[in-house]
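Numbering (the working numbering), first residue to last: 36 to 133.
Note that the Cβ used here is the ideal one computed from N, Cα and C, for glycine as well.
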């Protein structure tokens, strides 16, 4: 991950408030005012991605890893967010609805 990583026991977490965050080969573009926490899954084939606005969780996604590729699964997203996923570019954009 990057320099904002946190190691808790055997699990490594990424915490970032940056507008562009790289997680396991995927690029996340996050609107200002949001933060992302990634990692911590007990399953090595999945990376949990949580997106927060202040202290409220507004989206939860998983990256599923395979030998040569990975894909993203949306588990939950707030109705006031716009979530765009471009699998070919390995990019996820998160914005507030107008």
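query                                                                                                : result
With DSSP as the reference, please indicate the residues paired to residue 125 in a beta bridge.     : According to DSSP, residue 125 bridges with nothing at all.
Measuring straight from C-alpha to C-alpha, what distance separates residue 101 and residue 49?      : 21 Å
So if DSSP puts residue 88 in a beta bridge, which residue, or which two residues, is it bridged to? : 69, 91
Tell me the rounded alpha-carbon separation between residue 123 and residue 105.                     : 11 Å
Going by DSSP in three states, residue 102 sits in which element: helix, strand or coil?             : coil
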